[in-house]
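According to my numbering, the sequence shown is numbered sequentially starting from 8. Cβ coordinates follow ideal geometry from the N, Cα and C atoms, glycine included. Predicted model, so just to flag it, every value in this text is computed and none were measured. See structure below.
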Amino acid sequence: MKINQVEELVGVTKKNIRFYEDQGLLRPERNPANGYRDYSLKDVERLKIIKLLRRLDVPCAAIRQVLEGERSLSDCLERHMRDLEKRERDVGHMRQLCERLKAEAPDLADLNADEYLETMKTLEKGGVTFMDTEKSDVNKRRGGAILSAVVWIVLMGVLILAALWGNKVDPLPTGVLIAVLAVPAAVIIGVLIALIQRMKELKGGEYDEARKY
Numbered sequence: 008m009k010i011n012q013v014e015e016l017v018g019v020t021k022k023n024i025r026f027y028e029d030q031g032l033l034r035p036e037r038n039p040a041n042g043y044r045d046y047s048l049k050d051v052e053r054l055k056i057i058k059l060l061r062r063l064d065v066p067c068a069a070i071r072q073v074l075e076g077e078r079s080l081s082d083c084l085e086r087h088m089r090d091l092e093k094r095e096r097d098v099g100h101m102r103q104l105c106e107r108l109k110a111e112a113p114d115l116a117d118l119n120a121d122e123y124l125e126t127m128k129t130l131e132k133g134g135v136t137f138m139d140t141e142k143s144d145v146n147k148r149r150g151g152a153i154l155s156a157v158v159w160i161v162l163m164g165v166l167i168l169a170a171l172w173g174n175k176v177d178p179l180p181t182g183v184l185i186a187v188l189a190v191p192a193a194v195i196i197g198v199l200i201a202l203i204q205r206m207k208e209l210k211g212g213e214y215d216e217a218r219k220y
């Protein structure tokens with residue numbers, strides 16, 4: 008059957024179905040006549056299992072292990088329940104700290120941030136997990152770098168297309184055309200190199216090194 012039928016039967020969007028395929032959770036056969044995906048009833052049942060476990064917030068990696076027989080469903084759920092219990096405890100600690108802040112520092116002028124940061128540090132040593140602001144900042148910086156690179160690449164691509172179109176209308180000497188095209192092409196290459204380097208820095212180097220000082 009086609010993906011539209013699967014989407015209707017299971018209640019999972021085509022985008023999510025493709026994502027599960029990319030994650031290796033679903034492997035539909037290909038129709039030899041046209042190369043299109045041909046979903047079977049077995050695929051539909053598998054997708055229902057994936058949907059159920061994802062609705063319970065079981066990670067895709069754990070679901071893959073269950074589907075591949077590397078782990079039992081019972082073991083997967085047991086480990087997931089421990090993770091959920093850990094999250095509940097963490098949320099409980101954050102709620103208690105918020106209540107304490109509300110009672111002790113109703114106004115910003117009354118807030119002693121150092122005191123509460125020390126409390127959080129002590130709780131973290133005991134296994135409590137708070138929001139990782141550094142990770143969040145890295146994700147924001149990564150998104151900004153990608154957006155900036157895309158804008159520059161699109162702009163340079165437009166310049167290249169404009170130059171090629173202009174050359175058809177009023178041909179330039181080959182050397183001049185190459186020189187004109189070389190500038191935006193060099194910018195695109197430079198932007199891609201800079202983006203790759205920036206991604207490497209944000210992945211670990213920049214922030215890991217900063218924590219040493």
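From residue i to residue j, what distance separates their C-alpha atoms?
i      : j      : result
Leu104 : Asp82  : 33 Å
Lys55  : Glu106 : 41 Å
Ser79  : Asn119 : 49 Å
Lys175 : Val183 : 14 Å
Leu33  : Arg89  : 27 Å
Tyr43  : Arg37  : 5 Å
Val198 : Val187 : 18 Å
Gly222 : Ile160 : For residue 222 there is no data in the structure shown, the boundaries of the chain being 8 and 220.
Arg149 : Ile167 : 27 Å
Asn11  : Pro35  : 14 Å
Leu74  : Asn23  : 17 Å
Lys9   : Gly31  : 19 Å
Arg86  : Val17  : 27 Å
Gly173 : Ala189 : 15 Å
Lys21  : Ala152 : 29 Å
Pro66  : Arg53  : 16 Å
Ala156 : Glu92  : 41 Å
Lys109 : Glu122 : 14 Å
Pro180 : Val194 : 22 Å
Ala116 : Met138 : 24 Å
Pro178 : Ala40  : 46 Å
Asp45  : Met127 : 53 Å
Glu125 : Asp29  : 43 Å
Val13  : Leu154 : 34 Å
Glu131 : Glu95  : 15 Å
Are there 16 or more other CB atoms within 10 angstroms of the CB of residue i, so buried, or fewer, so exposed?
i      : result
Ile196 : exposed
Asp64  : exposed
Tyr27  : buried
Ile200 : exposed
Val19  : buried
Met163 : buried
Ile57  : buried
Leu60  : buried
Val158 : exposed
Val165 : exposed
Pro191 : buried
Where does the unbroken alpha helix (DSSP H) through residue i begin, and where does it stop?
i      : result
Gly182 : 181-207
Lys9   : Unbroken run through Lys9: none, as it is neither H nor E.
Glu131 : 120-132
Arg107 : 80-111
Glu77  : Note, Glu77: premise wrong, no alpha helix (DSSP H); not H, not E.
Asp29  : 21-29
Based on the DSSP output, what are the partners of residue i in its beta bridges?
i     : result
Asp45 : Glu36
* Count the CB pairs spanning the region 61-76 and the region 37-52 that are closer than 8 Å, and state whether there are at least three. => Result no; under three Cβ-Cβ pairs closer than 8 Å.
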